[in-house]
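Using full-length UniProt numbering, read the sequence shown as starting at 1 and increasing by one per residue.
C-beta: ideal position from N, C-alpha, C; glycine also.
These numbers come from a predicted model, not from an experiment.
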Amino acid sequence: MSASAPGGPVPGTPEGAGQGLASFAATCAATFAEEHWGRRPLLSRAADLPCPGHGFGSAAVDELLARRALRTPFLRMAKDGAPLDAREFTLGGGVGAAVADQVSEDKVLRLFADGATIVLQALHRSWAPVSASARALARDLGHPVQVNAYVTPPQNQGFDDHYDVHDVFVVQVEGEKHWRVRPPVLEWPLRNQPWTDRREAVREAAAAEAVVDTVLGPGDCLYLPRGWLHSATALGARAST
C-alpha cells in the first residue's frame, strides 16, 4: 500500500506534525523535515511504528472486489512491468446498465493467478480506516494525500524500475516485498516530467548498485522522495500487499 503526496518545490517543515506522520516515519517531525522530506529515503520498521496495518488487508481486498462494483480507474492491473488494457479485466454492467468498464472479479482473479498485480486506486475515498490514516498524514504534511494498494502474486513484480513525480510512503501490509531504490536521474521531477520520457536513462540507472536493498515485512514503511528510482518483487508463497 502506498500513500502519495504531490511534488512541488523542495518542501519545508511539515505542518502540525503528530500521530499521522508518526505512523509512517520512525523519527521525529523535525528530523524527517530536515533530513528526509523531499531529500532522501527513510526506512522504518514495524516495531518502531504505532499503526502497522492502517486498517487494510486481504479481507478489504476481497470486499472491494466482490461487493463494491468497482470501475476503472479505481482498479488497474499490471504484469511484467507494464499496465494491462482495462478491457482484459472489465465487462458491461448487465442488462439495462450503460456501464462498459465495471471490474469483473472473475477476470481479475484469473489474471492475478497468472501473475498480474492488482492496483486499487484512491483507497482514501473507498475504505474508511485508510481514509482516517490519509487525513492524519495530510494534516501533518500540509499536503493532500492519495492512497493506492498494490496486491502482487508471489514471486512476481508488477512494475519495472521507475520514478514517481510525487513523494511516496510505502506501507507493507501483508506478505513481503524485496525493494531496490536508486538515486534520481532527474531531481524533483514535475508532473510533466514522467519517467517514461527518460526510459533510457532510467534503464541505465537501474543497473547501478541500489542505495536501499531491503525486504519489507508486514508493518514496515519506506518513504521515497519523488524522483527516486524503485522496484519491488513479491517474495514467499503468499500474495503481497
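What's the C-alpha gap between residue i and residue j?
i	j	result
Leu91	Asp48	44 angstroms
Pro189	Val212	20 angstroms
Leu75	Ala210	30 angstroms
Asp106	Gln155	22 angstroms
Arg39	Ala149	24 angstroms
Residue i by DSSP, collapsed to three states: which one?
i	result
Asp140	helix
Gly16	Bear in mind that the predicted position of Gly16 carries a pLDDT of just 35, short of 50, making it too unreliable to give a figure here.
His54	coil
Thr90	strand
Trp195	helix
Asp167	strand
Phe112	helix
Phe32	helix
Glu176	strand
Asp106	helix
Are the CB atoms of residue j and residue i within a distance shorter than 8 angstroms?
i	j	result
Val170	Leu222	yes
Ala201	Val185	yes
Ala234	Thr152	yes
Gln172	Leu216	yes
Ala22	Asp220	no
Gly236	Val130	no
Ser240	Glu174	yes
Pro194	Val165	yes
Does the beta-carbon of residue i have 16 or more other beta-carbons within 10 angstroms, so that it is buried, or is it exposed?
i	result
Leu65	buried
Gly16	Any answer about Gly16 is weak, because its pLDDT of 35 lies below 50 and its placement is not dependable; what the coordinates show is given next. Burial call: exposed.
Ala128	exposed
Pro225	buried
Ala59	exposed
Ala136	buried
Glu176	buried
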